[in-house]
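Q: In my numbering, the protein residues as written are 288 to 623. The C-beta atom is built at its ideal place from N, Cα and C for all residues, glycine as well. Dropping the structure in here first, questions after.
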């Protein structure tokens, strides 16, 4: 692969080693090394993170802590470990989630923790793939295709973060890969790896967690968090099914906002919804629970809300945050 710069550098090192004079990775003569010192440093960094991915594998059967629960309708999930420049792809089967692939990636030039438009940082948080873009829809810069993310999400907006256009995408045809920190904030893969993601993952249902460093835990470790979250959502469902307005509203934050709708207008909308339901019980289908810890704890909960006796209903997404130790909904919206 003549366009794989790191491979060519390593090939040069292998040839030098036959002369017995290899002192450092990328042991170019000074007159060459001084022409592009930053590029050489990035290639060395790429070599180290690629080697780490081989020698320091995730614990067997472990999952990122954020993946509390995923329904069977979610076939795959993605986690990005920025410290390792690595993307991990999980398959969700009836037997549970398992790691099926991992790929080298590039992230923002200025690192991670995006806050404002143009800061060249990759955001940290829980996101969802919103659409799939084929190469024919894109400029060659984006390679074989792209998967768009819902940055900024509702938690990002609550914190005043700005920016847009954060994607997973490929590389230009003349490149095999990009150096570890070289994007404007997107997560960038080699085109061959990107093609694999494009074939497998589905928009709207596939979560993408981007972290500074993945906290790998056993599935058993997640059981308590899963039970607590399920219980919380079930209490919300019961209050709503009973038509208990005050109890239902007690689950919502005083700082609730849903676009242009504030807490007062939302209370009126909930009252109208309960009246329209007429006391008919609703069921929760295909529950997804993802968590995030930054300055505070957040849960992103997605589910189908179906009135008993009906076959379909709304797909809702709620963002829960802790206020004085109590979980409260600060955003709720319909996504389908």
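On the three-state DSSP scale, how would you describe residue 597?
A: coil
Q: Please list the terminal residues of the continuous beta strand (DSSP E) segment that includes residue 618.
A: 613-621
Q: Counting Cβ pairs, one atom from each stretch, are 3 or more of them under 8 Å apart for the stretch 398-418 and the stretch 481-499?
A: Segments in contact, yes.
Q: On the criterion of 16 or more Cβ atoms from any shown chain inside 10 Å, does residue 428 qualify as buried, or is it exposed?
A: exposed
Q: Report yes or no: do three or more beta-carbon pairs, one from the stretch 358-371 and one from the stretch 388-407, lie closer than 8 Å?
A: yes
Q: Contact defined as beta carbons within less than 8 Å: I believe residue 592 pairs with residue 622. What is the distance between those atoms, to the nearest angstrom?
A: About 11 Å; that fails the 8 Å criterion.
Q: Would you grab the beta carbon distance between residue 603 and residue 619 for me? Rounded to a whole angstrom, and I think it's under 8 Å.
A: 6 Å
Q: Distance, Cα to Cα, residue 598 vs residue 327?
A: Cα atoms of residue 598 and residue 327: separation of roughly 59 Å, rounded to the nearest angstrom.
Q: Around the C-beta of residue 351, are 16 or more other C-beta atoms found within 10 angstroms, so that it is buried, or is it exposed?
A: buried
Q: Give me whichever residues DSSP pairs with residue 470 in a beta bridge.
A: Residue pairing from DSSP places residue 470 in a beta bridge opposite 395.
Q: Have a look at 301, 454, 354 and 562 and flag the residue whose alpha-carbon is nearest the alpha-carbon of residue 574.
A: Ranking the options by Cα distance to residue 574, first place goes to 354.
Q: Is the beta carbon of residue 457 sitting closer than 8 Å to the one on residue 487?
A: no
Q: Under a three-way DSSP split, which group does residue 349 fall into?
A: coil
Q: Measure the Cβ-Cβ separation of residue 538 and residue 615 and say whether it is below 8 Å.
A: yes
Q: Considering only the alpha carbon of each residue, which of 356, 514, 474 and 379 lies closest to residue 363?
A: 379
Q: From residue 555 to residue 465, what does the alpha carbon distance come to, in whole angstroms?
A: 51 Å
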